[in-house]
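Data block below; observations after.
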Amino acid sequence: MRLLVVWVIGCVALAQEPEKKTIVVTGSYQAIPLEEADRSVKAIPARELAPLAGSVSDLLNLDASVDLRERAPGAVNSGLSIRGGSFGQSLILWNGLRLNSVHTSNLSMDLPIPLESMTQVEILKGSGSTLYGSDATAGVINVISRPPAQSEVRFRSGFGSWGTQQQHASVAYVGKGLAQHFTMARDFSRGFMENRDYRNLSVASQTQFRQTEVTLAMNDRPYGAEQFYGNFNSWERTKGWFAGVRQGIGQKTDILFAYRRNTDLFVLYRDRPQVFTNRHAVETWQASVRRAENLPRNARLHYGAEFLGDRIESNNLGRHARARSAVYAAYDIRALQRFSLTIGLRDEIYQNFQHQLNPSAGLGFWLNSRAKLRASASRAFRLPTYTDLYYRDPANIGNPLLRPERAWTIESGLDLTLPREAKVALTVFQRRERDGIDFVRRSAADIWRATNFQALNFTGVEAQMTVVAARKHRVELSYTGLNGAQTVLSGLQSKYVFNYPRHAGVGTWQAAWSNGMMARTRLGAIERFGRSPYAVWDTFLAYQKGRVRPYLQVANLTSTRYEELIGVRMPGRSFVGGLELVLYRPR
62 MRLLVVWVIG CVALAQEPEK KTIVVTGSYQ AIPLEEADRS VKAIPARELA PLAGSVSDLL
122 NLDASVDLRE RAPGAVNSGL SIRGGSFGQS LILWNGLRLN SVHTSNLSMD LPIPLESMTQ
182 VEILKGSGST LYGSDATAGV INVISRPPAQ SEVRFRSGFG SWGTQQQHAS VAYVGKGLAQ
242 HFTMARDFSR GFMENRDYRN LSVASQTQFR QTEVTLAMND RPYGAEQFYG NFNSWERTKG
302 WFAGVRQGIG QKTDILFAYR RNTDLFVLYR DRPQVFTNRH AVETWQASVR RAENLPRNAR
362 LHYGAEFLGD RIESNNLGRH ARARSAVYAA YDIRALQRFS LTIGLRDEIY QNFQHQLNPS
422 AGLGFWLNSR AKLRASASRA FRLPTYTDLY YRDPANIGNP LLRPERAWTI ESGLDLTLPR
482 EAKVALTVFQ RRERDGIDFV RRSAADIWRA TNFQALNFTG VEAQMTVVAA RKHRVELSYT
542 GLNGAQTVLS GLQSKYVFNY PRHAGVGTWQ AAWSNGMMAR TRLGAIERFG RSPYAVWDTF
602 LAYQKGRVRP YLQVANLTST RYEELIGVRM PGRSFVGGLE LVLYRPR
């Protein structure tokens, strides 16, 4: 620890290079510089880090407030928690369009987005239902995709431990007024233990022509699910198809539409599929109209309407369908590096004309050119998934009488820019949930039952320090501490909610040298509620000059034995190495 402190101090003492401004769109009704956000938002430069990552998991694990609970590498059947929220309380977006699974929140990270498609991953910490509606209770992940700045043809292939294979490709054409980007990612492994094999395939196409943007994608993921859902040698295969259109009308109006279809084939016993097999097919659609009006005195009025629908056909869950609609309005006034104020209200109507009214307010105030105070308060809600409501198997049972979750989040923070461009961010927050949803049981001999908690409060603190030194060395330290009011359990065992991290810390170092070498290492330590702490160390190396570019990925360098979900072992040390071939790129 002393060596780490000395190292960070030494980096601060080095000559700094000014960073270019990062623009974010998540947590705000308009694109703004990151330092102007009055919410806690993190922007991860996905395209810049792609040579030093194997999947989106390697990007999300860079933030201590994001708890990606994987059942296998590459976010296979993984749940995402932000600030201790349940899997269903984190909303996943792709360019502002919803990707959350209405079937089960365990599949919300089943993304059809190859790593090569991602430009930036933005993380809003705290509720966002005023902007995005249901599910944005604890936070929002928004994957931003844009075609590259120039035409290219790239192919990447690697091999590693346990028969792991990687094949990724990116083909882009960038012309005057038109940009087309095709990407593909295929990841395969026979698994580090029996019945933990997986095959991930994702293919995406993004077309931009003037003010029109069309996105198409699909993914296919068969995998062994040993111990995923209990003491069963299960197997599962999920498939997904996505189509989205964004049409700009002038400078003030956007119209968006998206359709998504997902199928899930689940076999409880892989060697005896006739005993218990589930087949689910889910369709979702969304449409929205968004408009902004400029007002006097640096103010803007944002307003719009959204329409959402989903349906499921399942031999276990039955046939069900839901529809909802929403209208919203927000007033935003800001003077750059002086102050900002955003007040918003959203009314969402769902089954039998029930509705959820979600207000929010955010304030930012610059004390001087290097210090900014921010504060916000917002209300959020979440509708139960179809699994929460109707699922039934030998180990789990849903509850059709579940009520929607409701929550208020309040937070305040301080952002500092220190001498030589070092940055520090401190945030304290509290989330007060009512009717929270989780699966609980009274003992190990009981089955898991979906239920509502009457009251559940989380209080936490976030701290982050970033230093960018000479020769493009970047050091980032982040810590998140959480305390949940566990008295609500009343002797029950929690399957998901009370597996939250009480303490989580992440330290990363990244460097890029003029000779083309790049390196990144990450050390993450975590202590979950009621469990022993553990640490995982990952390292990545890549060469980024010329036509042939080798890379090496080393996961869990110290071969730590750990479980992110109780009863689901994670792999020990593993290696993947390979080459990226740049077949075409203009000089």
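Using my numbering, the first residue of the sequence shown is number 62, and each one after it goes up by one. Cβ atoms here follow ideal geometry from the backbone N, Cα and C, with glycine treated the same way. Being a predicted model, the structure only gives us computed values, none of them experimental.
Exposure label - residue i; buried when at least 16 CB within 10 Å
{"i": "P480", "result": "exposed"}
{"i": "W574", "result": "exposed"}
{"i": "P632", "result": "buried"}
{"i": "V66", "result": "Note that V66 scores a pLDDT of 40, beneath 50, so its modelled location is shaky; the value from the coordinates is reported in the next line. The residue in question, V66, is exposed, as its Cβ has fewer than 16 Cβ neighbours within 10 Å."}
{"i": "P461", "result": "exposed"}
{"i": "E537", "result": "buried"}
{"i": "H229", "result": "buried"}
{"i": "A76", "result": "Per-residue confidence for A76 stands at a pLDDT of 34, beneath the threshold of 50, marking its modelled position as unreliable; the derived number appears in the next sentence. A76 should be labelled exposed."}
{"i": "P79", "result": "A caution first: P79 carries a pLDDT of 43, below 50, which makes its placement in the model unreliable, though a value can still be read off. Looking at its Cβ environment, which holds fewer than 16 other Cβ atoms inside 10 Å, P79 is exposed."}
{"i": "N576", "result": "exposed"}
{"i": "R646", "result": "exposed"}
{"i": "A649", "result": "The question about residue 649 has no answer here: the residues shown for the chain are numbered 62 through 648."}
{"i": "R395", "result": "buried"}
{"i": "E177", "result": "buried"}
{"i": "E641", "result": "buried"}
{"i": "E409", "result": "buried"}
{"i": "T619", "result": "exposed"}
{"i": "Q227", "result": "buried"}
{"i": "F414", "result": "exposed"}
{"i": "W68", "result": "Low confidence applies to W68: its pLDDT is 36, below 50, so where it sits in the model is not reliable enough to give any reading."}
{"i": "Q525", "result": "buried"}
Member of the options whose CA lies at the smallest distance from the CA of residue i
{"i": "M254", "options": "A278, R132, A422 and Q525", "result": "R132"}
{"i": "P420", "options": "T448, S430 and A387", "result": "A387"}
{"i": "A596", "options": "F270, E625 and L121", "result": "E625"}
{"i": "E96", "options": "A511, E482, N377 and G638", "result": "E482"}
{"i": "S439", "options": "S473, S375, F148 and E354", "result": "S473"}
{"i": "Q491", "options": "G200, G285, G301 and Y320", "result": "G200"}
{"i": "A506", "options": "T512, V522, G545 and L553", "result": "L553"}
{"i": "Y90", "options": "L326, S375, V117 and L185", "result": "L185"}
{"i": "G521", "options": "G145, R108 and P465", "result": "G145"}
{"i": "D248", "options": "S218, Q605 and E344", "result": "S218"}
{"i": "Q398", "options": "H416, Y389 and N429", "result": "N429"}
{"i": "Q267", "options": "W155, I316 and T225", "result": "W155"}
{"i": "L463", "options": "A432, D496 and A456", "result": "D496"}
{"i": "F368", "options": "S212, V275 and S195", "result": "S195"}
{"i": "R385", "options": "T87, G252, Q347 and R503", "result": "Q347"}
{"i": "L192", "options": "A530, S539, A603 and V350", "result": "V350"}
{"i": "S401", "options": "A531, H416, I93 and L644", "result": "I93"}
{"i": "N161", "options": "I587, L444, W509 and K533", "result": "L444"}
{"i": "W469", "options": "V485, G459 and A441", "result": "A441"}
{"i": "P134", "options": "G221, R648 and L356", "result": "G221"}
{"i": "A586", "options": "Y364, Y540, A390 and I174", "result": "Y540"}
{"i": "D599", "options": "R251, Y612, A572 and S635", "result": "S635"}
Whether residue i touches residue j by CB criterion (8 angstroms)
{"i": "T488", "j": "S101", "result": "yes"}
{"i": "M179", "j": "L141", "result": "no"}
{"i": "P106", "j": "Q181", "result": "yes"}
{"i": "V629", "j": "F289", "result": "yes"}
{"i": "L475", "j": "L450", "result": "no"}
{"i": "N203", "j": "N167", "result": "no"}
{"i": "L123", "j": "R583", "result": "yes"}
{"i": "V501", "j": "S555", "result": "yes"}
{"i": "R383", "j": "Y411", "result": "yes"}
{"i": "R589", "j": "N617", "result": "no"}
{"i": "D99", "j": "G568", "result": "no"}
{"i": "D499", "j": "T512", "result": "yes"}
{"i": "N294", "j": "D325", "result": "no"}
{"i": "T198", "j": "Q150", "result": "yes"}
{"i": "Q605", "j": "M579", "result": "yes"}
{"i": "Y392", "j": "A353", "result": "no"}
Any non-hydrogen atom of the ligand SAM closer than 7 angstroms to residue i Cβ
{"i": "S295", "result": "The ligand content of the structure shown is nil, which means the ligand SAM is not present either."}
Supposed contact pair residue j and residue i - C-beta distance, whole angstroms, cut 8 angstroms
{"i": "G305", "j": "A319", "result": "4 angstroms"}
{"i": "T273", "j": "Q308", "result": "6 angstroms"}
{"i": "S118", "j": "A104", "result": "Actually they do not touch by this definition, with Cβ atoms about 18 angstroms apart."}
{"i": "P208", "j": "Q241", "result": "7 angstroms"}
{"i": "V637", "j": "T244", "result": "19 angstroms between Cβ atoms; not a contact."}
{"i": "E689", "j": "F327", "result": "The first residue shown for the chain is 62 and the last is 648, placing residue 689 beyond what the model contains."}
{"i": "V275", "j": "H164", "result": "In fact, because the Cβ distance is near 26 angstroms, the residues do not count as touching under 8 angstroms."}
Test: residue i CB closer than 8 angstroms to a CB of chain D
{"i": "G291", "result": "Among the protein chains of the structure shown there is no chain D, as only one such chain exists."}
Residue ranges of each beta strand (DSSP E) within the segment 104–159, 3 or longer: 127–130, 140–143 and 151–155
Ordered list of alpha helix (DSSP H) runs contained in the segment 443–510, each at least 4 residues: Taking only runs of at least 4 residues, the alpha helix (DSSP H) segments lying wholly in the segment 443–510 are 447–451.
Length at least 3, wholly inside the segment 541–599: the beta strand (DSSP E) runs in chain order: Counting only runs of at least 3 residues, the segment 541–599 fully encloses the following beta strand (DSSP E) elements, listed from N- to C-terminal order: 562–573 and 578–589.
Residue ranges of each beta strand (DSSP E) within the segment 407–445, 3 or longer: 416–429 and 432–443
Every unbroken alpha helix (DSSP H) within the segment 257–300, with a cutoff of 4 residues, ordered by chain: Runs of the alpha helix (DSSP H) lying entirely within the segment 257–300, each at least 4 residues long, are absent.
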